[in-house]
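Below is one structure; the comments refer to it alone.
2 protein chains.
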Amino acid sequence: MDKREIILESAIKLFSTKGFEGTSVREIATDAGVNVAMINYYFVSKEKLFESVVEYKASFLKVVFTELINNNSLSPIEKIDIIIDQTIERKFCNRDFHHLLHSELSLEHRPQMRDAISDILLKNMIPVKAIIQRGIDDGIFQKVDVELTLTTLIGTIHYLLTSDTMCRKILGKKKDFNPFQNKKLKERLSVHTKQLMRAHLLKK
Amino acid sequence: MDKREIILESAIKLFSTKGFEGTSVREIATDAGVNVAMINYYFVSKEKLFESVVEYKASFLKVVFTELINNNSLSPIEKIDIIIDQTIERKFCNRDFHHLLHSELSLEHRPQMRDAISDILLKNMIPVKAIIQRGIDDGIFQKVDVELTLTTLIGTIHYLLTSDTMCRKILGKKKDFNPFQNKKLKERLSVHTKQLMRAHLLKK
DNA sequence: TTTTTAATTAAACATTTGTTTAATTTTAAA
DNA sequence: TTTAAAATTAAACAAATGTTTAATTAAAAA
């Protein structure tokens, strides 16, 4: 891992836990074990560093559901199951990065970043939308509000994992409960969301 | 409105749109039309000001659903409908404040604040939980995962309204679409969420 | 090897930050 | 009206911020 990458990794860690404004370039430099000037040398400015971080990390989040659309060996609801599990998996693996994206998204400044961030977060939306729509057109799914169904799917997973404190409070767990290292929680979330989507989408 | 309150209102506005670290006390002072020193005079420090803001605003969010629990003239699902509409209403009215709470929640520092914030956000959770549980015990609702059902309810509404940009992208709307001033969207969200909860909760 | 380019450093830079001071004005009480 | 307290101000404070400089070291090319 070259020095550029080390800086990126430190930046993502600190930005994610302390926010963009809450993190100083000196902190990043110390964490990465490099001289402060190195950051401007490699990334020009703090703002550009942030953009680089987003770009860098987004490249790992590419897993798209495009190939699922025309897969004929899976039923529509089976496709939804896969989407649910992959969405959960991704949230669990990239928690810090997701936090970073969401906290920056809700702030008003850096408008050009907002577009980039929401694009990343919604990258997989179009194929999923298409899958639900196809299910409706084929008469297998009910005529639901496609966009809001998607919002429910992602929103459920996202909201539960907004923060450790939040998750513990929702589930009524003690302080020693660590949501992101809990396999049972992952399974429970998966079961609930699949059940919910079945009840919502499938015809009776 | 006294000067203390003017400062609080400016603080909430700026903190909400630019974040805690992204807002300077001088900005708040200018926006409130007071001298910078006034802020420390009234609120001791920036951090204490933030706590005051949270406390101040939280007092307006008290509307709890406790009286709904033992209301016998409403069916369980009617109660859920009311909860949905009130949750939506609140999100639309207090958008800035909700953003503020959520963005601070996901950051690691100020841990004592995290507890206070999640308490505010989940204030109404207990009675709603009780209502769903009652529905299950009475044999009207299916045996669902109560906590996660709640997460879905709030998560759907919250996720759609995370940011204007996000909302527009999800719904495939143009730039002139303003989510928070759109009555149709409110209705659409209400219809979807109620429909979803009916399918999920009611026995077939 | 010599030369040129790239990487790295410590120090300094100019702003901005939150906060405090000490003086002044306004308000309320005696 | 006089006196005491509260509110308000401009200025200064020290610390932290992002960034740049100019010098030095390491690596690559000639």
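Taken in order, these protein sequences are the chains called A and B. All you need for this note's numbering is the position in the first sequence, starting with 1, plus 79. All you need for this note's numbering is the position in the second sequence, starting with 1, plus 79. Note that CB positions come from ideal geometry on N, CA and C, so glycine has one too.
Rounded to whole angstroms, what's the CA-CA distance from residue i to residue j? Just pull it up for me.
i	j	result
B:A108	B:N114	6 Å
A:P258	A:L268	11 Å
B:K170	B:L239	11 Å
A:D164	A:K263	14 Å
B:I249	B:N119	42 Å
A:F94	A:Q260	21 Å
A:L284	B:D175	In the structure as shown, chain A starts at 80 and stops at 283, and residue 284 of chain A therefore has no counterpart that could be examined.
B:L232	B:A116	44 Å
B:G98	B:F129	11 Å
A:D298	B:N151	What is shown of chain A runs 80 to 283, which leaves residue 298 of chain A out entirely.
B:R313	A:D216	Lying before the first or after the last residue shown, residue 313 of chain B is absent from chain B, which here runs from 80 to 283.
A:V223	A:H279	8 Å
A:K289	B:K283	Here chain A has residues from 80 to 283 only, and residue 289 of chain A is not among them.
A:S89	A:V142	24 Å
A:G112	A:N173	23 Å
B:E126	B:F220	45 Å
A:H177	A:P190	18 Å
B:E134	B:I210	28 Å
B:F122	B:T96	21 Å
Report, in whole angstroms, the separation of the C-beta atoms of residue i and residue j, which I expect to be a contact under 8 Å.
i	j	result
A:L229	A:K208	6 Å
B:I196	B:E183	6 Å
A:K158	A:L147	5 Å
A:G234	B:T235	5 Å
A:S124	B:T241	Actually they are not in contact, since the Cβ atoms of A:S124 and B:T241 sit about 27 Å apart, beyond 8 Å.
B:V132	B:L200	Rounded, the Cβ-Cβ distance is 15 Å, inconsistent with contact.
A:I167	A:K265	6 Å
A:D160	A:K253	Not a contact, Cβ separation roughly 31 Å.
A:V84	B:E100	First, the amino acid is wrong: residue 84 of chain A is Glu here, not Val. About 26 Å separates the two Cβ atoms, so there is no contact after all.
A:I156	A:L281	6 Å
Mark residue i as exposed unless 16 or more other C-beta atoms lie within 10 angstroms of its C-beta, in which case mark it buried.
i	result
B:M276	buried
A:H271	buried
B:K136	buried
A:L153	exposed
B:T102	buried
A:S138	exposed
B:G218	exposed
B:M80	exposed
A:R193	buried
A:C246	buried
A:E226	buried
A:T145	exposed
B:V255	Looking at the sequence itself, residue 255 of chain B is Asp, so the reference to Val does not match. B:D255 comes out exposed.
For the alpha helix (DSSP H) holding residue i, just list the boundary residues, first then last.
i	result
A:Q191	190–200
A:F176	174–184
A:Q212	204–216
B:L240	Segment: none, B:L240 is in no alpha helix (DSSP H) and carries neither H nor E.
B:F129	125–137
A:V270	262–280
What are the start and end residues of each continuous alpha helix (DSSP H) run of 4 or more residues lying completely inside the region 80–114 of chain A, in chain order?
Taken in chain order, the unbroken stretches of alpha helix (DSSP H) that lie wholly in the region 80–114 of chain A and span 4 residues or more are 82–97, 104–111.
Which runs of the alpha helix (DSSP H), 4 residues or longer, sit entirely within the region 140–174 of chain B?
Fully enclosed alpha helix (DSSP H) runs of 4 or longer: 145–148, 155–172.
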